[in-house]
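For reference, the structure is listed below as structure tokens.
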Ligand code: NAP
Ligand code: ZN
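In my numbering, the protein residues as written are 20 to 381.
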């Protein structure tokens, strides 16, 4: 029988982790060490090899959604190698590749969790960073760090045939675009728009194309036109040009809007067919005005979508393995993270920065 005092000690045991974090909305992301729990019986310990840089990291570091608890260690596009597992873990063993996305815990009992939609957990899902740490108190710390410890339910299997750094962004950018494309049943014979060619947008183009849709990319950056075609867009519209926009009026089945900043969503609602849907995944800090007339004519729908559940994230990874899809990335050492944020703000990334965590260890 286990000795209760030994178990209690294990439950509180921690290890010091090196990472990068921000201490205020105006401070740079800089070296920051913190504690993580030792693996519990259901936990998987992962040495982080690569971590993608999501625009949500930047929104959070700068407190643009006004919910940041400092210090914050961002990063929710994590891939790495398993270094230890608790004795109840069944699906992973040391040496395996593993991934962690945006969710590290949820109540797992509410109707949404039971439906595999942990992102809509009635108790609130626990984010990989800036979430409530139920084990140690305080907040969870993300993937800009050397190691992470996560309950195996929230750990993903990484297909072996894909390039590992290019897989990291699938854990957020991939699932955030895959989930609405599936939910709104995008496929052959449909005209689908993707707005914004950034981290999410370029995955949206690749995935919608792989699902068989006719894909139109909307971009503010004329320089991205050729890349869009290579990634799977059949047409590219420069969204600042009203004439180019007008040509597509009333013609789309579905549009996925990935824009991170203020913009006019009515311009896209006007492009939908009868009963068409515009779904927002981008999360600008301020509300976006919607004209009633953009909606009531043609009975259009305006919707939102949040990342995706664990089972669907695994499904997305397996879909990507089958279709040979990874993210187009620029690998950076962690020391360049602040410069990467500045470039991301200028829409100057092709198309996701991925941190090589070897730079943190060296
Ligand atoms: P990103 O790489 O910075 O891409 C955003 C793209 O939006 C840019 O590349 C640019 O594309 C376009 N854009 C930027 N500013 C614009 C402006 N003022 N007007 C029009 N277009 C503009 O960001 P990301 O990582 O893909 O994230 C996009 C957004 O989704 C962020 O707000 C992020 O927080 C949010 N997000 C939401 C979820 C969710 O679950 N719903 C999950 C992850 C991220 P062009 O150069 O092509 O115009
Ligand atoms: Zn993200």
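Cβ atoms here follow ideal geometry from the backbone N, Cα and C, with glycine treated the same way.
Contact between the segment 252-271 and the segment 189-207 is not established, with fewer than three Cβ pairs separated by less than 8 angstroms. A distance of 7 angstroms or more separates the beta carbons of residue 96 and residue 229. The shortest C-alpha to C-alpha distance from residue 202 to any of 306, 125, 360, 273 is the one to 273. In this structure, the beta-carbon distance from residue 359 to residue 72 falls below 7 angstroms. Per DSSP, reduced to three states, the secondary structure at residue 118 is strand. Looking at the DSSP output, residue 81 shares a beta bridge with no other residue. The beta-bridge partner set that DSSP reports for residue 238 consists of 257. Here residue 300 carries a coil assignment [DSSP, helix/strand/coil]. In the DSSP assignment, residue 35 is bridged to 54. Taking 7 angstroms as the cut-off, the Cβ atoms of residue 255 and residue 227 do not count as close. Residue side-chain check: residue 75 places its Cβ nearer than 6 angstroms to a non-hydrogen atom of ligand 2. Here residue 267 has 290 as same chain residues with Cβ atoms under 6 angstroms from its own Cβ, once five neighbours each way along the sequence are excluded.
Listed in chain order, the non-local C-beta contacts of residue 99 below 7 angstroms within the same chain comprise 65, 66, 67, 68, 117, local neighbours out to five positions each way being set aside.
The alpha-carbon separation between residue 335 and residue 350 amounts to approximately 23 angstroms. In the same chain as residue 52, and ignoring 5 residues on each side of it, the C-beta atoms closer than 8 angstroms to its own belong to 35, 36, 37, 38, in chain order. Only residues of its own chain outside the window of five on either side were considered, and among them 70, 161, 162, 163 have a CB closer than 6 angstroms to the CB of residue 94, listed in chain order. Rounded to whole angstroms, the gap between the alpha carbons of residue 319 and residue 297 is 8 angstroms.
For residue 326, the Cβ falls inside the 6 angstroms cut-off from some heavy atom of ligand 1.
Residue 88 and residue 44 have their C-alpha atoms roughly 10 angstroms apart. Distance check between residue 60 and each of 75, 31, 104 places 104 closest, using alpha-carbon atoms only. Not a single heavy atom of ligand 2 lies less than 6 angstroms from the C-beta of residue 70. Taking one beta carbon from each stretch, the segment 130-137 and the segment 219-226 have fewer than 3 pairs nearer than 8 angstroms; the two do not touch.
DSSP places residue 245 inside the alpha helix (DSSP H), whose first and last residues are 244-250.
When the Cα atoms are used, residue 75 and residue 168 turn out to be separated by approximately 21 angstroms. Shortest Cα-Cα distance from residue 299 to any of 323, 312, 143, 140 involves 323. In this structure, residue 277 sits near residue 219, with a CB-CB distance shorter than 7 angstroms.
Close CB contacts of residue 144 within its chain, under the 6 angstroms cut and outside five residues either way in sequence, are with 122, 125, 137, 138 (chain order).
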